[in-house]
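What follows is a short report on a single structure.
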Amino acid sequence: MTMFHFFNCAILTFGPHAVYYSATPLSEYDTLGTSVKAALVYLGTALVKLVCLATFLKVSENDGFDPYQELLKAVIGFIDVAGLYFALTQLTHRNISQNHKFQAVGLGWAFADSVLHRLAPLWVGARGLEFTWDFILQGLEANANLVLSISLAALGSLMWLRKNKPKTLIPIIYACAGIVATMPSITSYLRRGLGWHFPKVVGFELFTSLSMAFISWQLFSACQRPSS
Amino acid sequence: MANSKKPGGLREMLESMYSVIALLFILVACVELCDAAAAFDVYRLIQYDMSGSPFGSRFAALNHHAASLHFPPGVDLSRTVLIIPLRELNITFVREYINQKKPLGGLLVLLPEVLSFKTGGNNQVHEKEKMKNLLAELERLLIHSNIPYPVYFAFENDEIDTALADIKKNDLMGQPATATTGGYKFVIPTAEPKKVASPTMTNIQGWLSGLKTDGDANQLPTIAIVASYDTFGAAPALSVGSDSNGSGIVALLEISRLFSLLYSNPKTRGRYNLLFGLTSGGPYNYNGTQKWLRSFDQRLRESIDYAICLNSIGSWDNELWIHVSKPPENAYIKQIFEGLSNVAEELDLKVGLKHKKINISNPRVAWEHEQFSRLRVTAATLSELSVTPELLESTGGLFDTRQYVNETAIVRGVKLVAESLARHIYGHQGKNIQIFADESSLAVNPAYIRSWLDVLSQTPRVAPFLSKDDPFVMALKKELAGHVDEVNVQHETLEGIFTFYDSTSARLNIYQVASVTFDLLLLLVLGSYLIVLFSFLVITTRGLDDLISLFRRPPSRKLKTA
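For the protein sequence lines, the chains are A and B, in the order given. Take the first sequence: its letters are residues 1 to 228, numbered as in the working numbering. Take the second sequence: its letters are residues 1 to 562, numbered as in the working numbering.
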């Protein structure tokens, strides 16, 4: 029954992306090209990050939390944001409304992230006889990541694509974008510095992703009102 | 459960190696990596045919759920492995299971770690006698039964103890592990056991020439000292036979060393040749000894005055036995016995004489000297065993480990044999002269005995599984060559009524598995989650009408075509 378990974990990890694409109007407007391009941009930024990490990062023997290393990792993590900026602004999209653009980009981004980080461990580990909860938790993490990516893309589109924003909301937008961008550092601090177990970390990720999604949705609709 | 650090560590690795992931992906699709909770060595029960009848465990591969002795009564165990630690073993229970041919998926007996020659060390065994008797009985039962499922032995360690505690807990709750209820799965991935083709027996003989003066036209008389070195037990990978017959081998090596010291100087070289024989095929009616003797030419055989066979002289207190097949009234037997008794008296120990007539028509050869007697050579076996052993009994079984051997007993045995031999060779019978006195240069060396005993107690020596150029056999040959003039090695095939099968040890993997119901339940939960997510997204982005219209379209199409 191990292929069964692999299949279960796979639909948990990758199913929501497909469901999101087919359920929202994205499928009607055929934004698959945008998602694919966003996924390729993610590949590119991951390669750049890899090179930077390999050059600047020291490999530590113990698994503790080293603030300097984590700061360095966070700075390199901003390359992610740069990549997202590139995907949102520089890629030529067909006439898609802003509403759908950020969703497509976020979806492509999250799908590439899931495939790169979670497919290989899933294939290697979930097919064995030994049962662990890890792969189910990893799938939940993938879901949280999807929501986070879409909210980050939304905030990014607000920051760079929308020209007229209410003055009061700008700092909030930047603050929320900052929080979402540094999510990886926060989770690694929780796992290593505070020693949280994997289920707890995943729960935290799910909670923050939902709250961040709600906040960014509110911000987006708030910014939309003056123009409409 | 796997620790939670594993995904984190793997993630770090991926972050720095993503470009290799694609390649790894393709490779990994073909390779199945090991991911068991625990893996350790297990040793299989011997599988052999005797005169065509099958004995022992007939299967090697295992892939079943595990249960302990607390299984709920009446449950079907034909696809379950039963795990029994030795201290909970009830012989009558096992005997009932085997004799009534009750179906079982497999049997795993856990031996206490102290018996392991790899990790047990020299710790003392608690309740020695009880454990010895239990193991002997278990071994006797298993060797002489035909068991249609795999039987394995393993040593207790932390991993299997925790797994067993878990299994017991589940069993007590009335939930034996099956495909639908999860639990532990024991997997031993090994091939079907095959017959050992032409197993070899290797006899090693060492020749120490006596002093030939010019006047001696005839050949000098010879005295033979023989010990068989191979073992047979329930678990061939564990049959080290420290007492049967490690003690005999060690004693033979020490005697050869002492006499090589004496014979190295022509002034002290005796007028007897000494023939040392390390024979194989002991448990199988001393087949090797028979072939070895048959290979002698007539003159040599006739020149043998007498032969002393050593068999299990490692764990006795005060009494040794001399087993003969010629009647005690025979002059030669009397001479041998008197020689040994005189020395025994001085060493403060007793020797008794036991006479067992040989029946030429009976192929059963219980003692090594009987093979000599069948060829009209006077011989006797020196042993601590007073009762004649049955076939495949006292041949180095599960309980015959280092802790059960006493090296002082071997030292005394060596003194006894060497002293009586020397008195016969140099003609000092009846005189109170100690040739191998303690503190002299010819003293028996306990350190030598101890080191060889330790080596032997870590080497399983079941003959069909020793190849022609097995390193241990070569080491024995080399050691004997250092003490004698000439060493010869004779290879014979172990034919006759025995056939052996390979696969004596394997690796056991323990997996903690989830049941099928769990997977189905998970599928159900995930399916409903995805459906809920889908409906939620459709409702929020397109509106409720769209969701309902999704389900209304097919019927309207049907109406159109109709």
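From the three backbone atoms N, C-alpha and C, an ideal C-beta is built for every residue, glycine too. These numbers come from a predicted model, not from an experiment.
Under the assumption that residue i contacts residue j (Cβ atoms under 8 Å), give the Cβ distance between them as a whole number of angstroms.
i	j	result
residue 185 of chain B	residue 399 of chain B	The pair is not a contact, with the Cβ atoms about 31 Å apart (cut-off 8 Å).
residue 102 of chain A	residue 88 of chain A	7 Å
residue 230 of chain B	residue 463 of chain B	4 Å
residue 91 of chain B	residue 138 of chain B	6 Å
residue 405 of chain B	residue 204 of chain B	About 22 Å separates the two Cβ atoms, so there is no contact after all.
residue 110 of chain B	residue 147 of chain B	Contact flag wrong, Cβ pair sits at about 18 Å.
residue 173 of chain A	residue 155 of chain A	6 Å
residue 285 of chain B	residue 377 of chain B	That pair is no contact at about 17 Å.
residue 490 of chain B	residue 207 of chain B	About 13 Å separates the two Cβ atoms, so there is no contact after all.
residue 283 of chain B	residue 211 of chain B	At roughly 38 Å, the Cβ-Cβ gap does not stay under 8 Å, so residue 283 of chain B and residue 211 of chain B are not in contact.
residue 72 of chain B	residue 171 of chain B	7 Å
residue 611 of chain B	residue 37 of chain B	Examination of residue 611 of chain B is not possible in this model, given that chain B is present from 1 through 562 alone.
Would residue i and residue j be called neighbours here (beta carbons separated by less than 8 Å)?
i	j	result
residue 206 of chain A	residue 140 of chain A	yes
residue 38 of chain A	residue 109 of chain A	yes
residue 181 of chain A	residue 219 of chain A	no
residue 423 of chain B	residue 352 of chain B	no
residue 379 of chain B	residue 314 of chain B	no
residue 336 of chain B	residue 276 of chain B	no
residue 411 of chain B	residue 389 of chain B	no
residue 563 of chain B	residue 494 of chain B	Within the shown structure, residues of chain B are numbered from 1 to 562, placing residue 563 of chain B beyond reach of any answer.
residue 312 of chain B	residue 460 of chain B	no
residue 164 of chain B	residue 228 of chain B	no
residue 44 of chain B	residue 152 of chain B	yes
residue 56 of chain B	residue 143 of chain B	yes
residue 254 of chain B	residue 448 of chain B	yes
residue 192 of chain A	residue 3 of chain A	no
residue 100 of chain A	residue 31 of chain A	yes
residue 385 of chain B	residue 394 of chain B	yes
residue 484 of chain B	residue 419 of chain B	no
residue 450 of chain B	residue 407 of chain B	yes
residue 9 of chain A	residue 150 of chain A	no
residue 306 of chain B	residue 223 of chain B	yes
residue 401 of chain B	residue 115 of chain B	yes
residue 456 of chain B	residue 242 of chain B	yes
residue 246 of chain B	residue 310 of chain B	no
residue 40 of chain B	residue 154 of chain B	yes
residue 304 of chain B	residue 417 of chain B	no
Starting from residue i and walking both ways along the beta strand (DSSP E), at which residues does that stretch end?
i	result
residue 207 of chain B	200–208
residue 65 of chain B	62–67
residue 273 of chain B	273–279
residue 171 of chain B	No beta strand (DSSP E) contains residue 171 of chain B, which is instead part of the alpha helix (DSSP H) from 158–172.
residue 319 of chain B	319–324
residue 519 of chain B	Per DSSP, residue 519 of chain B belongs to no beta strand (DSSP E); it is in the alpha helix (DSSP H), 516–541.
residue 47 of chain B	47–50
residue 587 of chain B	The requested residue 587 of chain B does not occur in the structure, where chain B is confined to residues 1 to 562.
residue 40 of chain B	38–44
residue 133 of chain B	Where residue 133 of chain B is concerned, there is no enclosing beta strand (DSSP E), although the alpha helix (DSSP H) it sits in stretches over 128–143.
Within the continuous alpha helix (DSSP H) that includes residue i, where are the two ends?
i	result
residue 113 of chain A	98–114
residue 146 of chain A	134–160
residue 180 of chain A	169–181
residue 55 of chain B	Careful: residue 55 of chain B lies outside any alpha helix (DSSP H), inside the beta strand (DSSP E) at 53–57.
residue 446 of chain B	446–456
residue 153 of chain B	Residue 153 of chain B -> not in any alpha helix (DSSP H); beta strand (DSSP E) instead, spanning 151–155.
residue 121 of chain A	120–125
residue 263 of chain B	248–263
residue 80 of chain B	Careful: residue 80 of chain B lies outside any alpha helix (DSSP H), inside the beta strand (DSSP E) at 80–85.
* Taking contact to mean at least 3 C-beta pairs separated by less than 8 Å, is the stretch 189–203 of chain B in contact with the stretch 500–516 of chain B? -> yes
* Asked: Between the stretch 513–524 of chain B and the stretch 233–245 of chain B, do at least 3 Cβ pairs fall closer than 8 Å?
  -> The stretch 513–524 of chain B is not in contact with the stretch 233–245 of chain B.
* To do: Would you mind listing the beta strand (DSSP E) stretches within the stretch 470–505 of chain B that are 3+ residues and don't spill past its ends, in chain order?
  => For the stretch 470–505 of chain B, whole beta strand (DSSP E) runs of length 3 or above, ordered along the chain, are 486–493 and 498–500.
* Assess, as a yes-or-no matter, whether the stretch 310–327 of chain B is touched by the stretch 373–384 of chain B under the definition of 3 or more beta carbon pairs within less than 8 Å. => yes
* Uninterrupted beta strand (DSSP E) stretches inside the stretch 345–420 of chain B (no shorter than 3 residues) -> 350–355 and 379–383
* **alpha helix (DSSP H) segments (min. 4 residues) lying fully within the stretch 4–78 of chain A** => 32–56, all fully within the stretch 4–78 of chain A.
* **the stretch 255–265 of chain B / the stretch 432–442 of chain B touching (three or more Cβ pairs under 8 Å)** => yes
* Hey, is the stretch 16–27 of chain A in contact with the stretch 525–536 of chain B, meaning 3+ C-beta pairs nearer than 8 Å? -> yes
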